[in-house]
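Below is one structure, written out as structure tokens, with a few remarks after it.
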Amino acid sequence: MKLKSLFSPLTIGPYQLGHRLVMAPLTRMRAEKPSLAPRRLNVEYYAQRATAGGLIIAEASPVAATAFGSPGVPGIYSDAQIKGWRDVVDAVHAKGGVIFLQLWHVGRVSHSSFQPGGVLPVAPSAVPIPAELKTGTADGKSTSYETPRALETSEVAGVVEAFRQAAANAKAAGFDGVEIHGANGYLVEQFLQSHTNLRTDQYGGSIENRTRFLMEVTQAVIGVWGADRVGIRLSPYGVANGSGEPDPMPLYSHVIKALDPLGLAYLHFVEPRSSGAGRAEVNWQNVPSAMELFRPMWSGVLISAGGFTGETADAAIAAGHADAIAFGRIFISNPDLPRRLQHGFPLTPYNRATFYGGDVAGYTDYPVHDELAKA
Ligand SMILES: Cc1cc2nc3c(=O)[nH]c(=O)nc-3n(C[C@H](O)[C@H](O)[C@H](O)COP(=O)(O)O)c2cc1C
């Protein structure tokens, strides 16, 4: 069989996967407004991409109303959102799929127009994203990022609690587990990295202190789910959203070694070659491979993502660099991606213009191979 490693079974926590091709978390900005709850269209999108024994990591979902930085993103803090997600989960389960939800707080990657009361977004320290990186306001105007407000020490526990509550909400919605978003320049990573964390309390300074917030969030979420249903995503060597640790090795070695004994469901990397979170067409070459560097420090399941093809995914698994590979962009445009890769069917190219926001177009109207074959 072609791609034998990719299409071999894998156990993640209590779940038996039939193959190792994972759907990466993908923000698509198509939730219902103003509830920011998943709607029928979102149910259809996930159901199209569900396979028996296949793992989907559902898109990053803000843990609180203060955790947003973009419009139309589905939350996981209200009853309407829990109900909307339940419909998504039921549809994926009906096809025999496994589905985790990615828990998100954007920290400084926001704008006051997204914040309740129009206040500044919060972050570990009052360090803005460089002015050359633009963002959008809630009404769609291009603007620079603002300087965020540094969280008071006494406020940090409240943010950890928001993650815990969101994890409980995801459980109420019927998800099979959750993934903590510790990647791509968002709040958890802002605590981890030295240029965004200038704190002098127990959450800043030493690597151990900068890792404290991640560990508290992880322990809180484990308290809800048990470790074997909790994954975590990291992007060492990443530069998304103004992130970037000058010397990632000491920091990420510490983080991964601290997480390893917890018995988590998996560790999930964004490979540095596609660190713009899928924003660039070209993958950078000659950059480190996160899975190869950090695999020796991780004894559990390792998922990697970023610029993989069926062949490179299969080779990475066969070589023992990763246990499963998550696909982003080509899963957007190929709802039947596992089948296409398994049979070597051609792939439909994605349309970047319809990645974020909109409706059916570029979301649920990508054909499966059989429809193409008939056309
Ligand atoms: C439209 C789009 C939305 C994304 N949203 C998320 C997200 O919500 N959470 C996340 O961790 N990564 C997100 N990413 C990054 C992807 O999960 C993935 O790591 C990246 O696209 C590289 O994989 P690929 O080369 O297979 O596309 C997004 C990427 C794209 C293109």
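Going by this note's numbering, the letters in the sequence shown line up with residues 28 to 402, in that order.
The C-beta atom is built at its ideal place from N, Cα and C for all residues, glycine as well.
Everything numeric in this text was worked out from a predicted model, so none of it was measured.
Consult DSSP for VAL154 and reduce its assignment to one of helix, strand or coil.
DSSP, read as helix, strand or coil, puts VAL154 in coil.
Could you tell me which of ARG237, GLN142 and TYR293 sits nearest to GLU216, measuring between CA atoms?
GLU216 has its Cα closest to that of ARG237, out of ARG237, GLN142 and TYR293.
Does the distance between the C-beta of ILE357 and the nearest non-hydrogen atom of ligand 1 fall short of 8 Å?
ILE357 Cβ: within cutoff of ligand 1.
Would you say the beta carbon of TRP112 is closer than 8 Å to some non-hydrogen atom of ligand 1?
Outside the cutoff, so no.
Name the DSSP beta bridge partners of VAL49, please?
Its beta-bridge partners are ALA353.
Hey, is LEU53 close to ligand 1, as in C-beta under 8 Å from one of its heavy atoms?
Within the cutoff, so yes.
Leaving out five residues before and five after GLU319 in sequence, what residues of the same chain have Cβ atoms less than 6 Å from its Cβ?
Non-local beta-carbon contacts of GLU319 in its own chain, meaning distances under 6 Å to residues more than five positions away in sequence, involve HIS348 in chain order.
Is SER140 close to chain B, meaning its C-beta is less than 9 Å from at least one C-beta of that chain?
Among the chains in the structure shown there is no chain B, since it carries only a single protein chain.
Count the C-beta pairs between the segment 126-134 and the segment 199-208 that are closer than 8 Å, then say yes if the count reaches three, no if not.
When Cβ pairs closer than 8 Å are counted between the two stretches, the segment 126-134 is seen to touch the segment 199-208, the count reaching three or more.
Could you tell me the boundaries of the beta strand (DSSP E) in which THR170 lies?
Annotation for THR170: the continuous beta strand (DSSP E) segment containing it runs 169-171.
Please state whether the Cβ-Cβ distance between SER270 and GLY209 is less than 9 Å.
It is not a contact, given that the beta carbons lie outside the stated cut-off.
With distances taken from CA atoms, which of PRO315, VAL90 and ARG256 is nearest LEU291?
Among PRO315, VAL90 and ARG256, the Cα nearest to that of LEU291 belongs to ARG256.
Quick one: using the 10 Å Cβ neighbour count with 16 as the cut-off for buried, is ARG67 buried or exposed?
Exposed, by the Cβ-count rule.
Rounded to the nearest angstrom, what separates ASN361 and TRP311 at their Cα positions?
For ASN361 and TRP311, the distance between alpha carbons rounds to 24 Å.
I'd like the span of the beta strand (DSSP E) that includes VAL205, first residue to last.
Element bounds for VAL205: 204-209.
Roughly how many angstroms separate the alpha carbons of GLN142 and VAL149, rounded to a whole number?
Taking the straight line from one Cα to the other gives about 10 Å.
So is the beta-carbon of TYR383 under 8 Å away from any non-hydrogen atom of ligand 1?
Yes, ligand 1 has a heavy atom inside 8 Å of this Cβ.
Nearest residue (CA-CA) to ARG260, options ALA193, GLY253, GLY250 and LEU286
Closest by alpha carbon: LEU286.
Could you name the residues that DSSP lists as bridge partners for TRP131?
The secondary-structure analysis by DSSP pairs TRP131 across a beta bridge with PRO89.
By alpha-carbon positions, which one of VAL183, ALA345, LEU53 and THR391 ends up nearest to VAL100?
That would be LEU53, whose Cα lies nearest to the Cα of VAL100.
Classify ARG57: buried if its beta carbon has 16 or more other beta carbons within 10 angstroms, exposed otherwise.
With 16 or more other Cβ atoms within 10 Å, it is buried.
Who pairs with HIS295 in a beta bridge, going by DSSP?
Partner(s): ARG260 and ILE330.
Examine the Cβ distances between the segment 76-83 and the segment 34-48 and report whether three or more of them are shorter than 8 Å.
As far as the Cβ criterion goes, the segment 76-83 touches the segment 34-48, which means the pair count is three or higher.
Sequence-distant residues of the same chain with beta carbon closer than 6 Å to ILE249, five excluded per side:
Correct list, in chain order: VAL257.
GLY145 (DSSP reduced to helix, strand or coil):
Looking at GLY145 - three-state DSSP - the assignment turns out to be helix.
PHE321: CB within 8 Å of a non-hydrogen atom of ligand 1:
Checking every heavy atom of ligand 1 against the Cβ of PHE321, none is found closer than 8 Å.
Counted within 10 angstroms of its Cβ, other Cβ atoms place SER181 as buried (16 or more) or exposed:
Exposed is the label assigned to SER181, since fewer than 16 other Cβ atoms lie within 10 Å of its Cβ.
Check whether ALA247 and ALA194 have beta carbons under 9 Å apart:
Going by C-beta atoms, ALA247 is nearer than 9 Å to ALA194.
Proximity winner among SER137, ALA121 and MET324, relative to PRO98 (alpha-carbon distances)
When each option's Cα is compared against that of PRO98, the closest is SER137.
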